[in-house]
Amino acid sequence: MPKIVIVEVGSNSQPQFSKHKKLWTFPFILAILIVIILGIISLFTGAYDILGKEDGWDMFFITRVPRTIALMLTGAAMAMTGLIMHLVTQNKMVEPTTIGTTEWAGLGLLTVYLLFPGPSLVLRMTGAIVFSFVGTMIFFFFLRRVKLRSSLIVPIIGLMLGAVISAFSTFMALFFKMSQVVEGWFIGSFAAVQIGRYEYLWIIIIVTIIIFMYANRLTLAGLGEDVATTLGVNYNHLIVLANALIAVAVGIVAAVIGNIPFLGLIVPNIISMTRGDDLKSNLPWVCLLGMGTITLCDIISRVVNMPFEVPVSLILGTLGAVVFILILLRQRKSRRLR
Amino acid sequence: MSTIDSQINTKGNFDASLRLRSTSAFRSKKEEKRYWLLLSLFIGVGLLASLGLLLYNNPVPVDSPSFIPVVKRRIVAIVAMFVAALCHSFSTVAFQSVTGNRIITPSLLGFESLYSFIQTSTLFFFGASALVSFSGTEAFFLQVALMIILSLTLYGWLLSGKYGNLHLMLLVGIIIGSGLNSVSGFMRRLLSPSEFDLLQSRLIGSVTNADSEYFPIVIPMVIITVLCLFFFSKKLNVLSLGKDVATSFGVRYQASIIYTLVLVAVLMSISTSLIGPLTFFGFLVAMLSYQAAPTYDHRYVFPMAFAIGFSILTSAYFLLYHVFHAQTVVSVIIELFGGIIFLTVILRKRSL
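From first to last, the protein sequence lines are chains A and B. Position one of the first sequence corresponds to residue 1 (the numbering used here), numbered consecutively onward. Position one of the second sequence corresponds to residue 339 (the numbering used here), numbered consecutively onward.
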């Protein structure tokens, strides 16, 4: 008899988990379809006439396909890093743009340019990854030491930290006459993506797989150090791992594409508003929405000034700022912020 | 141990002040003496450096007729430094007291993004001729008025009412700033190169190319605003204790905060449109003045902050011009120093 009771308790104690486990619902399939359609539109958007010109299909495989793949990978990567940061810091306003990780990556790029003239892509990537790892760790170290009166103070400090780092980069750039590198980096764009220039983005797939494997443990880490340790998770190891994953994703994107602002903030927030905070079932959604958002923004950036292109980071920055403010205002009514 | 010691210490001082029946802003006579010494030292350094900037390495002798015009050109730069020091020191100290946080600065609120946004959109929507004619005193006034109105709307909207929250207001301000940066970057991409050049020359402001044409309006405006803040010192002393304490002391918290923030906005927008952005200068000045003035009374902190700001600006310019011969990087170096001090302060903080 007691056996049955235990089973009943077990099945009732986590009702929300069983509800969220259903991934292949109708909205999810619809979202996949929308992303695929956006991808197809992205493949056929551009100044060069693919169907009319003779070498159109060559062009198609040299630039359009790599570009669309790069968009998808970058979108997924930036959205996921945002999600992990939210979980690990227990703060919904934290993402690579708001705590200075991207600025650290930029500083890393600049340092590599200074140390090795004409560096290869691997070198640049390594520099960006190492620096963004160090920068994120510094911020985490700071967060854990400091008692906070309000969760909103975290992004404020982070943005100021980012401003310090970018002021430092500007100083170095001015001093060593490298302003162009910095200028080109701060504006992320997919215009230069073609065969041979984007392949490192595939590493993001590996990062994604690792995140999926550690999803449950990262969710536990989101409950805080004490709870996570009680539940048998090595908190410190997990934090280092999460930071390494974030640094790899941000560093690769920074070296290949440039600065992609706010994506890691808006996508996970929208998902967590509608679906709650279970990482494992949210991850596919976050990836999809990230891909869709950045592809849409890139299509806009190519269409708006037709024969020319506008960097996608400017459109994302504008859009992201609006959505961020809307999220803030929405949260101010529920008293979550205090 | 240290907390107990400090408690005993403050208690001892408290008893001592009771015995003397004085309500001095300083804990001891020694500190007061040190304050006045440091204040006069900084004023002296500032005056000496500005005298140096005026006279040192002057190619014409004092008795030549072209001496006066040369000095006049140099005076413009010194007046600009004076205005910048006044604006940044007063606004940062007042802002930090009102927000109850000593590591954020009003330049976070995105005044420079707003400034470049106004310039860019004038060019974008009305063309190059409009931007060229958009100068002179009316345009300057219009621009400052626009910045103040926008910041007032922001404060009024996010600070008042049931959900008023200072940190939320700050964050929204920062995000609006970065959004405006993106929008103006976007518009700049659509400009023709010649228009872009025109705009670029407008957007780069510095102490050395401040437009002296605006001085007759700017200086009275800044001085009046600064005096308003200075005479508000007693209220600021109470406001810095936090919302609950200030309210129970009988200060109208919300109204006083909005009043202070409007004055801060006036100072910041004038400074930005006159000499361009300086992000960490205010932070540097405020940080140093809290160290040099061991008191919470704003009547003493304000003058110290101004003296430090002025002496930093003038001596930095003097050293970099005449000793290191590096003219272009002055503001960058001041920013760098401010940034490094910001980092060390943040990493040593225990609570925020």
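Glycine included, every Cβ here is placed at the ideal spot set by N, Cα and C.
With DSSP run on the structure shown, which of helix, strand or coil describes residue 177 (chain A)?
coil
Measuring only the C-alpha atoms, how far is residue 567 (chain B) from residue 428 (chain B)?
8 angstroms
Give the interface partners of residue 426 (chain B) over in chain A, defined as CB-CB distance under 8 angstroms, in chain order.
Ordered by position in chain A, no residue passes the 8 angstroms Cβ test against residue 426 (chain B), which lies about 16 angstroms from the chain.
Is residue 295 (chain A) near residue 75 (chain A), with beta carbons less than 8 angstroms apart?
yes
My output table needs one value for residue 92 (chain A): the three-state DSSP class, helix, strand or coil.
Judged by DSSP in its simplified three-state form, residue 92 (chain A) adopts coil rather than helix or strand.
On the DSSP letters alone, give me the boundaries of the alpha helix (DSSP H) that residue 365 (chain B) sits inside.
Counting along the chain, residue 365 (chain B) falls outside any alpha helix (DSSP H), and DSSP gives it neither H nor E.
Within the continuous alpha helix (DSSP H) that includes residue 97 (chain A), where are the two ends?
Per DSSP, residue 97 (chain A) belongs to no alpha helix (DSSP H) and is neither H nor E.
Strictly under 8 angstroms for the Cβ-Cβ distance: is residue 617 (chain B) near chain A by that measure?
yes
Taking C-beta pairs closer than 7 angstroms, name the residues in chain B that residue 155 (chain A) reaches, listed in chain order.
509
With 8 angstroms as the threshold, decide whether the Cβ of residue 580 (chain B) is near any Cβ in chain A.
Chain A, which has no Cβ nearer than 8 angstroms to the Cβ of residue 580 (chain B), makes this no.
Using a Cβ cut-off of 9 angstroms, pull out every chain B residue sitting near residue 176 (chain A), in sequence order please.
Within 9 angstroms Cβ-Cβ: nothing; residue 176 (chain A) doesn't reach chain B, min ~12 angstroms.
Just checking, does the region 239 to 246 of chain A make contact with the region 131 to 140 of chain A on the three C-beta pairs under 8 angstroms criterion?
Cβ pair count under 8 angstroms is three or more, so yes.
Tell me which residues share the same chain as residue 394 (chain B) and place their Cβ nearer than 8 angstroms to its Cβ, disregarding the 5 neighbours each side in the sequence.
Result list for residue 394 (chain B): 656 and 660, in chain order.
Residue 357 (chain B) to residue 363 (chain B), Cα distance in whole Å?
Unreliable placement is indicated for residue 357 (chain B), whose pLDDT of 48 sits below 50; the coordinate value is still reported in the next sentence. When rounded, the distance between both Cα atoms is 16 angstroms.
How about residue 155 (chain A) and residue 98 (chain A): do their beta carbons lie closer than 8 angstroms?
For the 8 angstroms CB-CB criterion, residue 155 (chain A) and residue 98 (chain A) form a contact.
Since I believe residue 190 (chain A) is in contact with residue 71 (chain A) (beta carbons under 8 angstroms), could you give me their beta-carbon distance rounded to a whole number of angstroms?
6 angstroms
Note down the Cα distance separating residue 291 (chain A) from residue 112 (chain A), rounded to an integer number of angstroms.
30 angstroms
Taking the C-alpha atoms as reference points, what is the distance between residue 592 (chain B) and residue 578 (chain B)?
13 angstroms
Pairing CB atoms from the region 228 to 239 of chain A with CB atoms from the region 252 to 265 of chain A, are three or more of them under 8 angstroms?
no
Provide the residue span of the alpha helix (DSSP H) that contains residue 35 (chain A), from first to last.
That run of the alpha helix (DSSP H) goes 26 to 43.
Could you give the residue range of the alpha helix (DSSP H) that holds residue 523 (chain B)?
504 to 527
Starting from the Cα of residue 441 (chain B), find the closest Cα among A:160, A:127 and A:106 and give me that residue.
Restricting attention to A:160, A:127 and A:106, the CA atom closest to the CA of residue 441 (chain B) is found in A:160.
Between the beta-carbon of residue 328 (chain A) and the beta-carbon of residue 510 (chain B), is there less than 8 angstroms?
yes
Opening and closing residue of the alpha helix (DSSP H) in which residue 243 (chain A) lies:
235 to 256
Assuming residue 315 (chain A) contacts residue 297 (chain A) under a Cβ cut-off of 8 angstroms, what Cβ separation, rounded to an integer in Å, is found between them?
5 angstroms
Contact belief for residue 512 (chain B) with residue 448 (chain B) at Cβ below 8 angstroms, rounded distance in angstroms
6 angstroms
If we define contact as Cβ-Cβ less than 8 angstroms, is residue 684 (chain B) a contact residue for chain A?
Chain A has a Cβ within less than 8 angstroms of the Cβ of residue 684 (chain B).
Alpha carbon to alpha carbon, how far is residue 514 (chain B) from residue 410 (chain B)? Give it in angstroms, no decimals.
The alpha-carbon of residue 410 (chain B) is positioned some 40 angstroms away from that of residue 514 (chain B).
Status (buried if at least 16 other CB within 10 Å, exposed otherwise) for residue 273 (chain A):
Residue 273 (chain A) should be labelled exposed.
Contacting residues, own chain, Cβ-Cβ under 7 angstroms from residue 10 (chain A) (five flanking each side not counted)
The pLDDT assigned to residue 10 (chain A) is 42, lower than 50, so where the model puts this residue is not dependable, and the model offers no usable value.
7 angstroms Cβ cut-off: residues of chain B touching residue 318 (chain A):
517, 520, 521 and 524
With the cut-off set at 8 angstroms, would you say residue 453 (chain B) and residue 599 (chain B) are in Cβ contact?
Not closer than 8 angstroms, so no.
Just to confirm the assignment, what range does the alpha helix (DSSP H) spanning residue 565 (chain B) have?
For residue 565 (chain B), the uninterrupted alpha helix (DSSP H) segment begins and ends at 553 to 569.
Check the Cβ-Cβ distances between residue 160 (chain A) and every residue of chain B, and say whether any is below 8 angstroms.
yes
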